[in-house]
Amino acid sequence: MPTVDQSSVLDPPAVEEPESWAPGAPPSWTPPEQTTPPPPPPPRRRRPWRIAAAFLGVALVAGSAGGVVTRELEPSPTPTTTVVRTASASPQLAGDSLDVAQVVAKVEPAVVSIQASTNQGPFSGTAAGSGIILTSDGEVLTNAHVVNGASSITVTLNGQSQARAATLVGIDTSNDLALLKINGASNLPTVSLGKSSDVAVGDDAVAIGNALALQGGPTVTKGIISALNRDLGTNSGEMSGLIQTDASISSGNSGGPLVNAAGQVIGINTAVAASSQTTTAENIGFAIPIDKAMTIVAQLRAGGSTS
Numbered sequence: 000m001p002t003v004d005q006s007s008v009l010d011p012p013a014v015e016e017p018e019s020w021a022p023g024a025p026p027s028w029t030p031p032e033q034t035t036p037p038p039p040p041p042p043r044r045r046r047p048w049r050i051a052a053a054f055l056g057v058a059l060v061a062g063s064a065g066g067v068v069t070r071e072l073e074p075s076p077t078p079t080t081t082v083v084r085t086a087s088a089s090p091q092l093a094g095d096s097l098d099v100a101q102v103v104a105k106v107e108p109a110v111v112s113i114q115a116s117t118n119q120g121p122f123s124g125t126a127a128g129s130g131i132i133l134t135s136d137g138e139v140l141t142n143a144h145v146v147n148g149a150s151s152i153t154v155t156l157n158g159q160s161q162a163r164a165a166t167l168v169g170i171d172t173s174n175d176l177a178l179l180k181i182n183g184a185s186n187l188p189t190v191s192l193g194k195s196s197d198v199a200v201g202d203d204a205v206a207i208g209n210a211l212a213l214q215g216g217p218t219v220t221k222g223i224i225s226a227l228n229r230d231l232g233t234n235s236g237e238m239s240g241l242i243q244t245d246a247s248i249s250s251g252n253s254g255g256p257l258v259n260a261a262g263q264v265i266g267i268n269t270a271v272a273a274s275s276q277t278t279t280a281e282n283i284g285f286a287i288p289i290d291k292a293m294t295i296v297a298q299l300r301a302g303g304s305t306s
């Protein structure tokens, strides 16, 4: 019910007694009609907030159990890693469609899931990540942030449920790479390595890994090479020359392969751009070029850990 302002109600007028008015009879008069005040004006609309691009948050794609990432490996006496040169133009640019299933069938057998456990009092926990088998006797390449500080590391081969113990051969935290060795392994499938120097923007790309440590095998996503030679600052320091891709990369993908259309590894997935309150980032992932990664692997085989 609307509220009437008392000031808007006029005092009743003085009543003039009619000639026939008799003492004791009440005078008659009609009060003025009360008016309802106009409704208040509608509230003013606020202008939408403007989103300003400020800075890009970069997150290493690792996580704890239930939100996932990991690590593993040990040196082999006579490693046998195959390096295959990649054509500079992708099948997509040449007019052919990317056969993701065929790419996965070639690479997936040599992609492993890694579980890294730490036992440091209140900071104890388990992380999950990914890795690639470099040699048939069990050398595995992964990210340093997956296994750094782990007290124990296990690796689960594709299609198997039983985890195998692994040893850390060497680690390079500044380049975010670690070399593991699966204990007592032999006759394992290995990845085929491409040349990241041959990669061009627009080439097809497939990312494979233990995303979110989900049960039932690795996660596969596809995209393209979005940019080259990206430099990023991370918690471990500055990383340079990275490959950028729009293939989706999630926690647990750390250490997994970025693969070209020929099923050859061209990079090691390591980080994603994360949105902040002022910046939106979608499908911007980064991988360490395999050419650089294999140079670090040679150093780790020879001398273990580096800075």
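0 is the number of the first residue of the sequence shown in numbering that gives the first Met the number 0; add one for each residue after it. Each residue gets a CB set at the ideal place from its N, CA and C atoms; glycine is no exception. Since the model is a prediction, treat every value here as computed from it, not as a measurement.
Assigned with DSSP and collapsed to three states, SER135 falls in coil, not helix or strand.
Pairwise C-beta distances place the region 160-171 out of contact with the region 189-209, as fewer than three of them are shorter than 8 Å. The three-state reading of DSSP puts ALA104 in helix, counting H, G and I together. In the structure shown, GLN214 adopts coil according to DSSP, grouped into three states. In this model, ASN182 and ALA104 are separated by some 25 Å (Cα to Cα). Boundaries for GLY254: no beta strand (DSSP E) harbours it, and the DSSP string shows neither H nor E there. A straight line joining the alpha-carbon of ASN118 with that of ALA301 spans about 29 Å. Residue pairing for PRO121: DSSP places it in no beta bridge. For the pair SER116 and ASN209, the CB atoms are not nearer than the 9 Å cut-off. The Cβ neighbour count for ALA272, taken over all protein chains shown within 10 Å, is at least 16; the residue is labelled buried. For SER129, the beta-bridge partners assigned by DSSP are SER112. Comparing alpha-carbon positions, the option among LEU133, LEU176, THR125 and THR279 lying closest to ASN142 turns out to be LEU176. In this structure, the beta-carbon distance from ALA260 to VAL205 falls below 9 Å. Closest by C-alpha distance to GLN214, out of VAL111, ASP98 and LEU97, is VAL111.
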